[in-house]
């Protein structure tokens, strides 16, 4: 009977998808609405395990697409600014209407990403510059959405965010090294993609076991690593075909998984109000972030209107985070709101010229002074440096703890190699800081922040292992301070030589 119900849902989904596609609405919604209708008619709900598997596969696909598209430094900072604005605006409003913090978080995370289907369609009519920004934004937004969802479901907090990021980065570097070696032997084989998915689920399990974030981020990283290992894009077509099938089954499963609730006018009104607010918040945040990165009001308006809708992926968030919501009716109302935005977006887009004229008469061009490519290199080098040094400090602490009483002798022998390796890491970071040649204190501040992050991550991780004694922390802190002094002295010497 269950298989028969799913078959009916698929058939109805295909029919609805065709009708919606003919009127310019993403066909994905047809499968979602089909699942919603069939689930209520037959009182059927998709088992949670299936939904979790589909979410993990979807996270894998989003990671793969991000790896294939690459990162634009300007879009990277724009999407971070946009996410901060969306979270700030939406959290403030939902808390003002007396929602709980958990409910406000769920609603805010839903707004972090736009529909890739609509963004691609709207951006076809934009100039090349605006089109590139819009497509980069919507790709990066999916990554931000899954990372935020991972923290939300995994019970993460801002306090342990640096630790989670550092551990994930270290695991990703190790996994990429292993996968790149194994991939050489399976490239071009028909089982290469299943192997990549299996590896992604392995990463899913590792993240779940370490309890540093939701396992979804493990699947996302697995997809990203697969894309980076597939240098010649030999498996691009089969992965794309799989993603097309996956997204429709995902929409169907979410529709079948939405908790049953009486469809009342007040619920539909609440969903529509949330949808209107989402469109307004996303358009405002995208406009401001684009304006600060490009400085051009017209381009920023085009980008904002092309992403003024909520992603189809967000439909699953109230379902996956239903344990944070008080009532099934609220879960239902929030799950329906992204659907309303996909109907509202074409209406807003038809008035694009009016918005462009209104903005042009009120907003002037903004002079951008930030070199985003240089800043991106500095940030990424600093973070990777902190991660490597944290792992190096942790390894040293284990040596001190488990090789006592000969540990000091071992560390003394390895000191030369440890310092040499640290110097190489610092040299990479200093290359990224070349543009700050005259800003002596700015360079040192970046290095000090990097070391502080590395030390914080190392000490927090060491505190979780009882065998890592107090003297290990003292030695690690002393080594870090010494390295910082050595780098500062090196910077001072080189700049003195340049002045001479």
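In this note's numbering, the protein residues as written are 58 to 557. Virtual Cβ for every residue (Gly too), placed ideally from N, Cα, C. Computed from a prediction, not measured in an experiment: that's the story for all the values here.
**OP:** Identify which residue in 163, 352 and 443 has its Cα closest to the Cα of residue 509.
**Re:** Looking up residue 509 in the chain shown gives position 452. Closest by alpha carbon: 443.
Original post:
Using CA coordinates, which residue listed in 285, 183 and 197 is at the minimum distance from residue 138?
Top reply: Taking the chain shown and counting its residues from 1, the one referred to as residue 138 is at position 81. Checking every option, the nearest Cα to that of residue 138 belongs to 197.
Subject >> Residue nearest to residue 133 in terms of C-alpha spacing, selected from 351, 505, 411 and 377 >> reply: For this step, residue 133 is matched to residue 76 along the chain shown. Nearest of 351, 505, 411 and 377 to residue 133, Cα basis: 351.
Subject >> Minimum C-alpha distance to residue 572 - residue among 379, 405, 330 and 286 >> reply: This structure cannot speak to residue 572, because the chain is shown only from 58 to 557.
Original post:
So residue 594 is in the alpha helix (DSSP H); what residue range does that whole segment cover?
Top reply: Residue 594 lies beyond the range of the chain shown here (58 to 557); nothing can be said about it.
Subject >> Residues of its chain near residue 73, where Cβ-Cβ distance is below 7 Å and the 5 sequence neighbours each way are ignored >> reply: Taking the first residue of the chain shown as position 1, residue 73 is located at position 16. When the five nearest sequence neighbours on each side are left out, the beta carbons in the same chain lying within less than 7 Å of the beta carbon of residue 73 are those of 87, 90 and 91, in order along the chain.
Original post:
Between 220, 218 and 259, which lies nearest to residue 235 when the distance is taken from Cα to Cα?
Top reply: In the chain shown, the residue the question calls residue 235 occupies position 178. Out of 220, 218 and 259, 259 has the C-alpha closest to the C-alpha of residue 235.
Original post:
When the Cα atoms are used, what is the spatial distance from residue 415 to residue 140?
Top reply: Translated into the one-based positions of the chain shown, residue 415 becomes position 358. Translated into the one-based positions of the chain shown, residue 140 becomes position 83. Residue 415 and residue 140: Cα-Cα distance of roughly 25 Å.
Original post:
If you draw a straight line from the C-alpha of residue 194 to the C-alpha of residue 61, how long is it?
Top reply: Translated into the one-based positions of the chain shown, residue 194 becomes position 137. Translated into the one-based positions of the chain shown, residue 61 becomes position 4. C-alpha separation (whole angstroms): 40 Å.
Original post:
Which residue from 280, 226 and 101 puts its Cα closest to that of residue 124?
Top reply: Numbered from its first residue, the chain shown carries residue 124 at position 67. When C-alpha distances from residue 124 are compared across 280, 226 and 101, the shortest belongs to 280.
**OP:** Using 10 angstroms around the beta-carbon of residue 445, count the other beta-carbons present and answer buried if the total reaches 16, otherwise exposed.
**Re:** Within the chain shown, residue 445 is the residue found at index 388, counting from 1. Result: buried.
**OP:** Could you tell me if residue 557 is buried or exposed, where buried requires 16 or more neighbouring beta carbons within 10 angstroms of its beta carbon?
**Re:** The residue given as residue 557 occupies position 500 in the chain shown. Caution applies to residue 557, whose pLDDT of 43 falls short of 50 and renders its modelled position unreliable; the value that the coordinates give is listed next. By the 10 Å Cβ count, residue 557 comes out exposed.
**OP:** Look at the Cβ atom of residue 448, then the Cβ atom of residue 227, and state whether they are nearer than 8 Å.
**Re:** By 1-based counting over the chain shown, the position of residue 448 is 391. By 1-based counting over the chain shown, the position of residue 227 is 170. Going by C-beta atoms, residue 448 is nearer than 8 Å to residue 227.
Subject >> Simplified DSSP assignment, three categories, for residue 151 >> reply: Counted from its first residue, the chain shown places residue 151 at position 94. Correct three-state label for residue 151: helix.
**OP:** For my contact list, residue 108 and residue 305 are in at a C-beta cut-off of 8 Å; report their separation, rounded to the angstrom.
**Re:** Here residue 108 corresponds to residue number 51 of the chain shown, with the count starting at 1. Here residue 305 corresponds to residue number 248 of the chain shown, with the count starting at 1. Going by Cβ atoms, the distance from residue 108 to residue 305 rounds to 14 Å, so no, they are not a contact pair.
**OP:** Look up residue 438 in the DSSP assignment and say whether it is helix, strand or coil.
**Re:** Mapped onto the chain shown, residue 438 falls at position 381. Residue 438 falls in the helix class under three-state DSSP.
**OP:** Could you check what DSSP says for residue 99 in three-state terms: helix, strand or coil?
**Re:** Here residue 99 corresponds to residue number 42 of the chain shown, with the count starting at 1. Reduced to three states, the DSSP call for residue 99 is coil.
**OP:** Take residue 358 and list the residues in its own chain whose beta-carbon comes closer than 7 Å to its own, dropping the five residues that flank it on each side.
**Re:** Taking the first residue of the chain shown as position 1, residue 358 is located at position 301. If you ignore the 5 residues before and after residue 358, its C-beta comes within less than 7 Å of the C-beta of 344, 412, 413 and 416, all in its own chain and listed in chain order.
Original post:
Measuring CB to CB, does residue 390 end up less than 8 Å from residue 328?
Top reply: Within the chain shown, residue 390 is the residue found at index 333, counting from 1. Within the chain shown, residue 328 is the residue found at index 271, counting from 1. Yes, the Cβ-Cβ distance between residue 390 and residue 328 is below 8 Å.
Original post:
Would DSSP call residue 76 helix, strand or coil?
Top reply: The residue given as residue 76 occupies position 19 in the chain shown. Residue state, collapsed to three classes: helix.
**OP:** Answer with buried or exposed for residue 58, where buried requires no fewer than 16 other C-beta atoms within 10 angstroms of its C-beta.
**Re:** As a working mapping, residue 58 is identified with position 1 in the chain shown. The predicted position of residue 58 is uncertain, since its pLDDT is 48 and thus under 50; a value taken from the coordinates is nonetheless stated next. Of the other Cβ atoms in all chains shown, fewer than 16 fall within 10 Å of the Cβ of residue 58; this residue is therefore exposed.
Original post:
Do you know offhand how far residue 495's Cα is from residue 204's?
Top reply: On the chain shown, residue 495 is found 438 positions in, with the first residue counted as 1. On the chain shown, residue 204 is found 147 positions in, with the first residue counted as 1. Low confidence applies here, because residue 495 scores a pLDDT of 48, under 50, leaving its location unreliable and the question unanswered by this model.
Subject >> At least 3 beta-carbon pairs within less than 8 Å: the stretch 167-175 vs the stretch 354-374 >> reply: yes
Original post:
Rounded to whole angstroms, how far is the Cβ of residue 433 from the Cβ of residue 130, which I believe are closer than 8 Å?
Top reply: Residue numbering aside, residue 433 sits at position 376 when the chain shown is read from its first letter. Residue numbering aside, residue 130 sits at position 73 when the chain shown is read from its first letter. About 4 Å; that satisfies the 8 Å criterion.
Original post:
Taking the Cβ atom as the reference point for each residue, do residue 46 and residue 395 lie within a distance shorter than 8 Å?
Top reply: Residue 46 lies beyond the stretch modelled for the chain, which goes from 58 to 557, so this question has no answer here.
**OP:** Taking only runs that begin and end inside the stretch 325-360, name each unbroken beta strand (DSSP E) of 3 or more residues, in chain order.
**Re:** none
Subject >> Contact under 8 Å by Cβ, residue 403 with residue 392 >> reply: Locating residue 403 in the chain shown gives position 346, where the first residue counts as 1. Locating residue 392 in the chain shown gives position 335, where the first residue counts as 1. No. Outside cutoff.
Original post:
In angstroms, rounded to a whole number, what distance separates the CA positions of residue 298 and residue 283?
Top reply: Working through the chain shown from its first residue, we reach residue 298 at position 241. Working through the chain shown from its first residue, we reach residue 283 at position 226. Rounded to the nearest angstrom, the two C-alpha atoms are 16 Å apart.
**OP:** Determine the burial state of residue 251: buried for a count of at least 16 other Cβ atoms within 10 Å of its Cβ, exposed for fewer.
**Re:** Translated into the one-based positions of the chain shown, residue 251 becomes position 194. Exposed, since its Cβ has fewer than 16 Cβ neighbours within 10 Å.
Subject >> Three-way DSSP call (helix, strand, coil) for residue 513 in this model >> reply: Position 456 of the chain shown, counting from 1, holds the residue named residue 513. Three-state result, residue 513: helix.
Original post:
Measuring CB to CB, does residue 168 end up less than 8 Å from residue 335?
Top reply: For the purposes of this step, residue 168 is identified with residue 111 of the chain shown, where counting begins at 1. For the purposes of this step, residue 335 is identified with residue 278 of the chain shown, where counting begins at 1. Contact flag set, yes.
Original post:
Going along the chain, which residues of its own chain have a beta-carbon closer than 6 Å to the beta-carbon of residue 237, five neighbours each way excluded?
Top reply: Stepping through the chain shown from its first residue, residue 237 is reached at position 180. Hits under 6 Å: 286.
Original post:
For the alpha helix (DSSP H) that residue 275 lies in, which residues bound it at each end?
Top reply: Indexing the chain shown from 1 puts residue 275 at position 218. It spans 272-286 - the alpha helix (DSSP H) in which residue 275 sits, taken as one unbroken run.
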